[in-house]
Amino acid sequence: MKTIIEPFRIKSVEPLRMTTRGEREELLKAADYNLFSLKSDDVLIDLLTDSGTSAMSTRQWAGVMRGDESYAGSPSFFRFEAAVRELMPFKHIIPTHQGRAAEKILFTICGGEGMVIPNNTHFDTTRANVEATSAEAVNLIKPEGLDPQLEAPFKGDMDLGALEARLKTQSNRIPVVMITVTNNSGGGQPVSMANIRGAKEVCKKFNKPLFLDACRFAENAWFIKQREAGYADKSIKEIVREMFSYADGMTMSAKKDALVNMGGWLALNDDTWAMEARNLLILTEGFPTYGGLSGRDLEAIAVGLEEVIEEDYLEYRITSTAYLGDALTQMGVPIVRPTGGHAIYIDARAMLPHIPVANYPGQALAVELYLAGGIRGCEIGTVMFGRQADGSEVPADMDLVRLAIPRRVYTQSHVDYVIECFAELNAGKDRIKGCRIAWEPPALRHFTAKFAMVA
Ligand SMILES: *Cc1c(COP(=O)(O)O)cnc(C)c1O
Numbered sequence: 019m020k021t022i023i024e025p026f027r028i029k030s031v032e033p034l035r036m037t038t039r040g041e042r043e044e045l046l047k048a049a050d051y052n053l054f055s056l057k058s059d060d061v062l063i064d065l066l067t068d069s070g071t072s073a074m075s076t077r078q079w080a081g082v083m084r085g086d087e088s089y090a091g092s093p094s095f096f097r098f099e100a101a102v103r104e105l106m107p108f109k110h111i112i113p114t115h116q117g118r119a120a121e122k123i124l125f126t127i128c129g130g131e132g133m134v135i136p137n138n139t140h141f142d143t144t145r146a147n148v149e150a151t152s153a154e155a156v157n158l159i160k161p162e163g164l165d166p167q168l169e170a171p172f173k174g175d176m177d178l179g180a181l182e183a184r185l186k187t188q189s190n191r192i193p194v195v196m197i198t199v200t201n202n203s204g205g206g207q208p209v210s211m212a213n214i215r216g217a218k219e220v221c222k223k224f225n226k227p228l229f230l231d232a233c234r235f236a237e238n239a240w241f242i243k244q245r246e247a248g249y250a251d252k253s254i255k256e257i258v259r260e261m262f263s264y265a266d267g268m269t270m271s272a273k274k275d276a277l278v279n280m281g282g283w284l285a286l287n288d289d290t291w292a293m294e295a296r297n298l299l300i301l302t303e304g305f306p307t308y309g310g311l312s313g314r315d316l317e318a319i320a321v322g323l324e325e326v327i328e329e330d331y332l333e334y335r336i337t338s339t340a341y342l343g344d345a346l347t348q349m350g351v352p353i354v355r356p357t358g359g360h361a362i363y364i365d366a367r368a369m370l371p372h373i374p375v376a377n378y379p380g381q382a383l384a385v386e387l388y389l390a391g392g393i394r395g396c397e398i399g400t401v402m403f404g405r406q407a408d409g410s411e412v413p414a415d416m417d418l419v420r421l422a423i424p425r426r427v428y429t430q431s432h433v434d435y436v437i438e439c440f441a442e443l444n445a446g447k448d449r450i451k452g453c454r455i456a457w458e459p460p461a462l463r464h465f466t467a468k469f470a471m472v473a
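Each residue of the sequence shown is one higher than the one before, counting from 19 in my numbering.
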């Protein structure tokens with residue numbers, strides 16, 4: 019069949035509230051044109067993030083009821099541990115309340131002044147946790163990963179030549195090498211098996227551990243199955259196991275590919291690091307058999323890990339993201355190509371060339387999208403990255419708007435509605451004006467800045 023359907027039916031519904039354009043104009047004004055300041059009840063289609071926004075299945079909700087809340091040694095922990103180990107056979111599996119807590123523990127152990135952590139592209143919390151220990155976070159993405167229009171299968175690949183060169187000159191300063199799958203900050207682009215295997219070989223030469231930042235491991239495995247020679251006939255589980263067979267550890271946000279609303283873990287083989295990690299865990303997260311989570315959360319993760327590797331799910335997931343991206347490409351809206359796993363990134367600077375970068379074309383587009391249809395996306399551009407530590411303003415590399423797709427939440431007609439809103443907006447885009455910042459905090463301004471629209 020050509021039609022790829024949502025491989026589930028709906029048992030419990032969450033009503034959406036429609037708003038009029040006039041209402042949205044008022045709501046935006048009250049929010050100072052910052053979409054983070056909107057009440058989510060006033061958003062019709064919320065594409066702000068795919069993190070923690072998944073819909074859980076009947077089996078996951080049944081698991082929630084089964085959750086055992088014993089402080090130590092709960093059977094829910096052992097079910098969680100077995101489910102993780104089925105895919106990622108690490109010796110030590112340490113639950114945390116979300117991904118950044120695992121990062122904090124890992125870099126507390128191995129980071130610090132003078133240390134250097136290579137990654138294909140650090141996600142922002144990963145970078146922040148590296149830098150919080152005074153270590154340096156370096157991105158070693160292959161150059162093709164930086165060209166938004168280039169069609170290539172594995173634009174998340176690490177530059178292994180650059181990695182080897184770094185290890186040759188800075189080996190004693192590099193405690194761990196990381197690869198993020200899929201590469202979230204680089205457009206959700208996948209990393210090939212050959213690249214993970216190659217990174218492992220380089221690491222082995224220098225006796226360094228390789229860790230995966232594995233938030234979207236299942237989406238990455240699906241891309242390997244579709245795009246990499248030799249994997250078409252392998253099961254997703256086999257591909258996932260092979261990916262992790264090259265790794266010595268991982269950090270995970272369960273809010274992504276474990277299909278739950280909260281959770282994460284750190285997994286690794288090294289006994290000494292594991293002991294240090296558990297000691298830190300007890301300090302800030304909790305006892306090692308719950309690590310900042312309830313027993314019911316651990317149960318939901320255990321089931322989510324079985325569901326996320328189902329091929330019907332992954333085919334629907336990746337196809338529905340591509341469906342939105344391809345429709346936008348067809349109407350001439352410039353996006354980062356090819357479409358990644360979890361989000362579409364619109365190149366607002368290219369779409370609205372009449373708006374100077376100083377008037378934030380990404381923010382202007384995000385505001386306009388909410389006005390047009392109650393759709394909430396997220397500016398990833400000069401508003402987010404433009405302000406420098408010395409207070410000056412430098413344009414970001416790109417002005418993007420990210421539309422992240424929550425897992426199993428919206429149907430095709432919701433996506434068709436988004437496409438229709440874009441068609442209308444695109445036809446009148448020359449009338450869109452930019453904005454300026456009326457007030458901003460000293461750091462992380464995109465969350466709380468107040469904007470004024472250019473008249
Ligand atoms: C979300 C994410 C994290 C952080 O996880 P949280 O659960 O949000 O703390 C780390 N790395 C990547 C690639 C992510 O997408």
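The beta carbon of each residue, even a glycine, is placed where N, CA and C say it ideally should be.
Heavy atom of ligand 1 less than 7 Å from the Cβ of Phe262, yes or no?
-> Here residue 262 refers to the residue found at position 244 when the sequence shown is read from its first residue. Flag unset: Cβ of Phe262 not near ligand 1.
Kindly indicate which residue of Lys255, Met369, Arg335 has the alpha-carbon position closest to the one of Ala445.
-> Translated into the one-based positions of the sequence shown, residue 445 becomes position 427. If you compare the alpha carbons of Lys255, Met369, Arg335 with that of Ala445, the shortest gap goes to Met369.
Would Asp365 pass as a contact of Pro356 if the rule is Cβ separation under 8 Å?
-> Within the sequence shown, residue 365 is the residue found at index 347, counting from 1. Within the sequence shown, residue 356 is the residue found at index 338, counting from 1. One thing to note: Asp365 has its Cβ no nearer than 8 Å to the Cβ of Pro356.
Alpha carbon to alpha carbon, how far is Asp64 from Thr143?
-> The sequence position of residue 64 within the sequence shown is 46, counting from 1. The sequence position of residue 143 within the sequence shown is 125, counting from 1. C-alpha separation (whole angstroms): 22 Å.
Check the C-beta distance from Asp266 over to Asp288 and give it rounded, since I have them as a contact under 8 Å.
-> Taking the sequence shown and counting its residues from 1, the one referred to as residue 266 is at position 248. Taking the sequence shown and counting its residues from 1, the one referred to as residue 288 is at position 270. The pair is a contact, with the Cβ atoms about 7 Å apart (cut-off 8 Å).
Thinking just about the alpha-carbon of each residue, which of Phe141, Phe241, Val61, Leu168 is nearest to the one in Ala155?
-> By one-based count along the sequence shown, residue 155 stands at place 137. That would be Phe141, whose Cα lies nearest to the Cα of Ala155.
Between the CA atoms of Gln167 and Ser410 - distance to the nearest angstrom = Reading the sequence shown from its first residue, position 392 is the one you call residue 410. Reading the sequence shown from its first residue, position 149 is the one you call residue 167. Each residue's alpha carbon lies about 29 Å from the other.
What distance in whole Å lies between the Cβ atoms of Gly206 and Thr200, which are believed to be in contact at a cut-off of 8 Å?
-> Sequence index remark: in the sequence shown, residue 200 carries index 182 (1-based). Sequence index remark: in the sequence shown, residue 206 carries index 188 (1-based). That belief holds up - the Cβ atoms of Thr200 and Gly206 are roughly 5 Å apart, short of 8 Å.
Are the beta-carbon atoms of Phe262 and Pro33 separated by less than 8 Å?
-> As a first step, residue 262 must be located in the sequence shown, where it is residue number 244. As a first step, residue 33 must be located in the sequence shown, where it is residue number 15. In this structure, Pro33 does not lie closer than 8 Å to Phe262 by Cβ.
Closer than 7 Å: Gly282 CB and nearest ligand 1 heavy atom = One-based indexing of the sequence shown puts residue 282 at position 264. Gly282: yes, Cβ under 7 Å from ligand 1.
Mind the definition here: the region 266 to 284 touches the region 111 to 127 only if three or more C-beta pairs lie below 8 Å; say whether that holds.
-> Touching, yes.
Return the chain-ordered ranges of every alpha helix (DSSP H) run that is complete within the region 293 to 334 and spans a minimum of 4 residues.
-> If we require 4 residues or more, the alpha helix (DSSP H) runs fully inside the region 293 to 334 come out as 313 to 325.
Is the beta carbon of Phe235 less than 8 Å from the beta carbon of Pro208?
-> Here residue 235 refers to the residue found at position 217 when the sequence shown is read from its first residue. Here residue 208 refers to the residue found at position 190 when the sequence shown is read from its first residue. Contact: no.
Own chain residues within Cβ distance below 6 Å of Thr466, not counting five before or after = Here residue 466 corresponds to residue number 448 of the sequence shown, with the count starting at 1. Contacts found: Pro459.
Alpha-carbon spacing of Ile474 relative to Val354, whole angstroms = The requested residue 474 is not part of the displayed model; the chain covers only 19 to 473.
Hey, how far is the Cα of Lys20 from the Cα of Ser69?
-> Residue 20 sits at position 2 when you count from the first residue of the sequence shown. Residue 69 sits at position 51 when you count from the first residue of the sequence shown. Between Lys20 and Ser69, the C-alpha separation is close to 30 Å.
Chain-order list of residues whose beta-carbon lies under 8 Å from that of Val149 (same chain, five-residue window excluded) = Residue numbering aside, residue 149 sits at position 131 when the sequence shown is read from its first letter. Checking the displayed sequence, the identity of residue 149 turns out to be Glu instead of Val. Closer than 8 Å at Cβ, skipping near neighbours: Ala155.
Taking Asp165 as the reference, give the member of Pro193, Ile192, Gly204, Ala183 with the closest Cα.
-> Position 147 of the sequence shown, counting from 1, holds the residue named residue 165. With respect to the C-alpha of Asp165, the residue from Pro193, Ile192, Gly204, Ala183 having the closest C-alpha is Gly204.
Does DSSP put Met83 in a helix, in a strand, or in coil?
-> To locate residue 83, count along the sequence shown from 1; it is residue 65. Collapsing the DSSP output to three states places Met83 in a helix.
With 16 as the cutoff for other CB atoms within 10 Å, does Lys243 come out buried or exposed?
-> Counted from its first residue, the sequence shown places residue 243 at position 225. The residue in question, Lys243, is buried, as its Cβ has 16 or more Cβ neighbours within 10 Å.
Count the other CB atoms, across all protein chains shown, that sit within 10 Å of the CB of Val412; report buried if there are 16 or more and exposed otherwise.
-> Here residue 412 refers to the residue found at position 394 when the sequence shown is read from its first residue. By the 10 Å Cβ count, Val412 comes out exposed.
Assuming Val433 contacts Ile393 (C-beta within less than 8 Å), just tell me the rounded distance between them.
-> To locate residue 433, count along the sequence shown from 1; it is residue 415. To locate residue 393, count along the sequence shown from 1; it is residue 375. Contact flag wrong, Cβ pair sits at about 11 Å.
Check each candidate in Phe172, Leu185, Asn137 and name the one with the smallest Cα separation from Ser210.
-> One-based indexing of the sequence shown puts residue 210 at position 192. Among Phe172, Leu185, Asn137, the Cα nearest to that of Ser210 belongs to Phe172.
Counting Cβ pairs, one atom from each stretch, are 3 or more of them under 8 Å apart for the region 337 to 347 and the region 94 to 101?
-> The region 337 to 347 makes no contact with the region 94 to 101; the number of CB pairs closer than 8 Å stays below 3.
Pick out whichever of Ala384, Arg454, Thr126 has its Cα sitting closest to the Cα of Asn297.
-> Looking up residue 297 in the sequence shown gives position 279. The shortest C-alpha separation from Asn297 is found at Thr126.
Using the Cα positions of Arg42 and Ile455, report the straight-line distance between them to the nearest angstrom.
-> Working through the sequence shown from its first residue, we reach residue 42 at position 24. Working through the sequence shown from its first residue, we reach residue 455 at position 437. Note on geometry: alpha-carbon atoms of Arg42 and Ile455 lie some 20 Å from one another.
Determine the direct distance from the alpha carbon of Glu24 to that of Thr429, and round the result to whole angstroms.
-> One-based indexing of the sequence shown puts residue 429 at position 411. One-based indexing of the sequence shown puts residue 24 at position 6. Their Cα atoms are separated by approximately 7 Å.
Distance, Cα to Cα, Asn225 vs Arg184?
-> For the purposes of this step, residue 225 is taken as the residue at position 207 of the sequence shown. For the purposes of this step, residue 184 is taken as the residue at position 166 of the sequence shown. So the alpha carbons of these two residues sit roughly 14 Å apart.
Burial state of Asn190, where buried means 16 or more other Cβ atoms lie within 10 Å | The residue you call residue 190 lines up with position 172 of the sequence shown. Asn190 comes out exposed.
Looking only at C-alpha atoms, which of Thr67, Leu45, Ala318 sits nearest to Asp59?
-> One-based indexing of the sequence shown puts residue 59 at position 41. Relative to Asp59, the option among Thr67, Leu45, Ala318 whose CA is nearest is Leu45.
Would you report the Cα separation of Phe26 and Trp79, rounded to the nearest angstrom?
-> Here the question's residue 26 lines up with position 8 in the sequence shown. Here the question's residue 79 lines up with position 61 in the sequence shown. One Cα belongs to Phe26, the other to Trp79, and the distance between them is close to 15 Å.
In three-state DSSP terms, what is Tyr435?
-> Within the sequence shown, residue 435 is the residue found at index 417, counting from 1. In the three-state scheme derived from DSSP, where H, G and I count as helix and E and B as strand, Tyr435 is classed as helix.
Using only the heavy atoms of ligand 1, determine whether one of them is closer than 7 Å to the beta carbon of Gln116.
-> Start at 1 with the first residue of the sequence shown, and residue 116 comes out as number 98. Because some heavy atom of ligand 1 lies under 7 Å away, the Cβ of Gln116 counts as near it: yes.
Quick one: measure Cβ to Cβ for Arg367 and Met416, integer angstroms, because I've assumed they're closer than 8 Å.
-> Looking up residue 367 in the sequence shown gives position 349. Looking up residue 416 in the sequence shown gives position 398. In this structure Arg367 is in contact with Met416, their Cβ atoms being roughly 7 Å apart against a cut-off of 8 Å.
Leaving out five residues on either side along the sequence, give the residues of the same chain with a beta carbon under 7 Å from the beta carbon of Ala441.
-> Position 423 of the sequence shown holds residue 441. Sequence-distant Cβ neighbours of Ala441 in its own chain, meaning closer than 7 Å and more than five residues away, are Met349.
Below 6 Å CB to CB, which residues in the same chain sit around Asn279 once its five sequence neighbours on both sides are set aside?
-> For the purposes of this step, residue 279 is taken as the residue at position 261 of the sequence shown. Excluding residues within five positions, the ones whose Cβ falls inside 6 Å are Gly70.
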